[in-house]
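The next block holds one structure in the form of structure tokens; read it before the comments.
Protein chains in written order, with the numbering used here: chain A, 5 to 432; chain B, 5 to 432.
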């Protein structure tokens, strides 16, 4: 495809107008303000449109969309114990497949081209990702309340098999290894996970310091902060995606900053909705930490919309510090794109440059809420809506265009969910 | 029009499915789960749709949309002094007309059927409101840094004329009287404004306690809080819309609660974006104050989207208190609808009930981010997007449907703004 006369965000996050951008064999093949001398198949008229790299939703539990709004109004622990955990015990391969496809549909329509997911049913996740065309780093975390060693854990054999198969994938689906959290794991398990990741050269995805209680209990029980504890267990010797990090202390930030392969994924909607608090984003950025954005599950968000996360991250940082210039549109946009790609180990995407994968999103700027436009990134971060996405492309394949999915039969998804959801609920 | 087989939010904010709702002569004429025996013109198929009362954006400066994103990143005072005030000095009747229409287009597409606006050029505002079909309470605030008495103020004669003409309007345009803020007015002016409003029986619209500096300076300079000061000047003996109220103290909340005709308009996006802080919404609701929602101008928001304000209000209340159940979807939805209507003195709208004005909005719930739906209000507050609005009706007239405006030529608006905006900028 050749995007003609389009405005785009270049690899330095500057805005370039009236550009020609060609994609071929899944990669960005041509970038110039001059028309190419050769053809590119379809010519896409970019007048009034803006081309951006696809968003990376770096912390998600996509299938939890089936619990969107379920148990609203309950405090966190009752919500988990009375609603979420009982529901999750009833998943089967059918219900989780359709719930997964619903999540893919939602993310693709919002301009997300890649996401990092922590959940169960790895093989189903791989199928959903393969069929929908999106990219995903997936992990199924061992949870070890009772001290069961890693290799005796219920899910270890199938996950280990997926790690062997997809742990070093260069394709759209990449299997990671997960650790749910400090408070759900024993110290021997954390050490086993760190060693397993190192031995297999796979990436890790962990919830850390989401709530104050979690952070304070770790200090009380282990005599050190969660970050220090994970460091002592060898976790940070791997490529690690740490979700939340709301309650990290200044010294923890210094600790994390020592490890260039450790990323933090900020989940502002979830953190605010559950009353968890405000992560110290400015401090983490200043320390040089790679900060990304995530939606968390739609059960605690209640959608999978990275536009909302960019916007909310900006609002929190400014509102909470009283500093109206606390984070810049460029920093927020990088958190939503290239920082996530880096955290996923996908160094061939996240910015628009020649040779990178054609993971691209077109925004329609002919909307009242985007007029006038003094600065494109400012309008994207503060004014744009997910519905301004008119095209989502992954590896050069158009997955979504003008409200229509190319890979997902959305009405079938709705029908199947209407069929399977009552079957789960009637068991509760 | 007859909405057939539609889900709607009733006057008690409960959800009713499979209803028939008929509108005739601008009012809601029929509500039942039974089909009416008589005809209503067009039948609108409501399957998969939700009918809600239109939103009331109760604090806005609509024309400031022309400064959307202008001066991004500057701290508040420099932003005002270097960007906003110089720009505003260059307004003329043409530029403000088209900027106003842009604001109407944006609000109508987001499901707003009425708004309260504080700005200049009252007669142009009346024209824009009349032509677009929306409802508006408008005021032009006297600003008196220099002690000029009210009736000698530059804008007094034309505004007084508008008050005489539209101050008691039962129609779509209602002229109010405004006071910019405590810190821009002398005490004699505040007293004159209070007396003028009382004498003419018109409503008042005032910025109050937006920033900590404003609140603290008032205490220092006048020996009392802003609320106490306004009370002492007789302001609260009128119907008053107080925008912001971020820094009200507990005693101020008790003061405001004594006056049933005083409403507070919460503007979460603007308050967070400018680093002003978090208004104590829970405390105000508990005191029985009529709390509404507003976007403020798009220059400090940066759009005019009440969905974002409902969502952000929920997020702030929960994130800031650590209480995951701090405000309910029903409370938030009321803030966005009937509470605003009450503040505007429009007691014939804001809820769907027979005899009320047909100020209605249809949402398309056939969207991935709205599936499944355990509770309609929860999905509206936490998951819905402004783009889910597929129809906006005011007084029974359809103003917007499936992305098309009935009263506004949006491409002409874009063209005219492209023409007039550079003329303003080149003078700066």
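All C-beta atoms, glycine included, are put in the ideal place defined by N, C-alpha and C.
For residue i: DSSP bridge partner residues
| i | result |
| --- | --- |
| residue 119 of chain A | A:61 and A:140 |
| residue 24 of chain B | B:36 |
| residue 402 of chain A | A:397 |
| residue 365 of chain B | B:56 and B:396 |
| residue 296 of chain B | B:269 |
| residue 502 of chain B | Outside the modelled stretch of chain B, which goes from 5 to 432, sits residue 502 of chain B, for which no answer is possible. |
| residue 179 of chain A | A:142 |
| residue 7 of chain A | A:25 and A:48 |
| residue 408 of chain B | B:405 |
| residue 31 of chain B | B:28 and B:361 |
Spatially closest choice to residue i from the options, by CA coordinates
| i | options | result |
| --- | --- | --- |
| residue 39 of chain A | A:25, A:50 and A:45 | A:25 |
| residue 133 of chain A | A:172, A:80, A:81 and A:67 | A:67 |
| residue 52 of chain B | B:372, B:140, B:240 and B:322 | B:372 |
| residue 274 of chain B | A:315, A:267 and A:268 | A:315 |
| residue 115 of chain A | A:137, A:97 and A:209 | A:137 |
| residue 30 of chain A | A:170, A:400 and A:228 | A:400 |
| residue 35 of chain B | B:359, B:352, B:367 and B:99 | B:359 |
| residue 127 of chain A | A:87, A:86, A:155 and A:180 | A:180 |
| residue 28 of chain B | B:18, B:79, B:317 and B:43 | B:43 |
| residue 240 of chain B | B:278, B:17 and B:183 | B:183 |
| residue 432 of chain A | A:70, A:46, A:139 and A:87 | A:87 |
| residue 105 of chain B | B:427, B:211 and B:409 | B:409 |
| residue 424 of chain A | A:253, A:171, A:170 and A:100 | A:100 |
| residue 249 of chain B | B:214, B:223 and B:65 | B:214 |
| residue 336 of chain B | B:328, B:81, B:317 and B:253 | B:317 |
| residue 338 of chain B | B:328, B:194 and B:270 | B:270 |
| residue 350 of chain A | A:192, A:62 and A:278 | A:62 |
| residue 292 of chain A | A:306, A:260 and A:276 | A:260 |
Under 7 Å from the C-beta of residue i: neighbouring residues of chain A
| i | result |
| --- | --- |
| residue 172 of chain B | What residue 172 of chain B touches in chain A: nothing, since even the nearest Cβ is about 32 Å away. |
| residue 431 of chain B | In chain order: nothing, as chain A lies at least about 16 Å away. |
| residue 300 of chain B | Near residue 300 of chain B there are no residues of chain A at all, since even the closest Cβ is about 13 Å away, more than 7 Å. |
| residue 74 of chain B | 378 |
| residue 383 of chain B | 73 |
| residue 306 of chain B | 386 and 387 |
Contact set between residue i and chain A, taken where Cβ atoms lie within less than 8 Å
| i | result |
| --- | --- |
| residue 273 of chain B | 319 |
| residue 282 of chain B | 323 |
| residue 13 of chain B | Result: empty, since nearest Cβ-Cβ is about 15 Å, beyond 8 Å. |
| residue 332 of chain B | 77 |
| residue 70 of chain B | 376 |
| residue 421 of chain B | 375 and 376 |
Contacts of residue i in chain B (Cβ-Cβ under 8 Å)
| i | result |
| --- | --- |
| residue 120 of chain A | Correct list: empty, because the minimum Cβ distance to chain B is about 19 Å. |
| residue 106 of chain A | 372 and 375 |
| residue 309 of chain A | 373 and 389 |
| residue 367 of chain A | In chain order: nothing, as chain B lies at least about 13 Å away. |
| residue 418 of chain A | 370 and 375 |
| residue 425 of chain A | 376 |
Beta-carbon neighbours of residue i, restricted to chain A and to distances below 9 Å
| i | result |
| --- | --- |
| residue 277 of chain B | 318, 319, 322, 323, 328 and 386 |
| residue 413 of chain B | None at all; the shortest Cβ gap to chain A is about 12 Å. |
| residue 113 of chain B | 371, 372 and 373 |
Contacts of residue i in chain B (Cβ-Cβ under 7 Å)
| i | result |
| --- | --- |
| residue 110 of chain A | 372 and 373 |
| residue 231 of chain A | Under the 7 Å cutoff, chain B gives no residues; its nearest Cβ is about 22 Å from residue 231 of chain A. |
Residue i: contacting residues in chain B (beta-carbon distance under 9 Å)
| i | result |
| --- | --- |
| residue 90 of chain A | Within chain B, no residue comes near residue 90 of chain A; the closest Cβ sits about 15 Å away, beyond 9 Å. |
| residue 18 of chain A | Within 9 Å Cβ-Cβ: nothing; residue 18 of chain A doesn't reach chain B, min ~15 Å. |
| residue 80 of chain A | 328 |
- Cβ contact check for the segment 188 to 196 of chain B and the segment 143 to 151 of chain B: 3 or more pairs under 8 Å: yes
Could I get the ranges of all uninterrupted beta strand (DSSP E) runs contained in the segment 186 to 248 of chain A, with 3 residues as the minimum, in chain order?
208 to 212 and 244 to 248
Worksheet item: Using 8 Å as the threshold, is the segment 305 to 319 of chain A in touch with the segment 385 to 394 of chain A, meaning 3 or more CB pairs across them?
Response: yes
Between the segment 317 to 330 of chain A and the segment 266 to 284 of chain B, do at least 3 Cβ pairs fall closer than 8 Å? yes
With three or more beta-carbon pairs closer than 8 Å as the criterion, would you say the segment 10 to 17 of chain B touches the segment 340 to 359 of chain B?
yes
At a cut of 8 Å, does the segment 394 to 409 of chain A reach the segment 88 to 103 of chain B through at least three beta carbon pairs? no
**Message:** Measuring CB atoms only, is the segment 410 to 422 of chain B touching the segment 115 to 125 of chain B, in the sense that at least three cross pairs come out at less than 8 Å?
**Reply:** no
*In the segment 151 to 179 of chain A, which residue ranges form an unbroken beta strand (DSSP E) of at least 3 residues, counting only runs that do not cross its ends?*
177 to 179
My parser needs the alpha helix (DSSP H) runs of 4 or more residues fully inside the segment 295 to 333 of chain B; what are they?
310 to 325
- Task: Any chance you could list the alpha helix (DSSP H) runs of at least 4 consecutive residues sitting entirely within the segment 89 to 134 of chain A, in chain order?
- Result: 89 to 92 and 97 to 113
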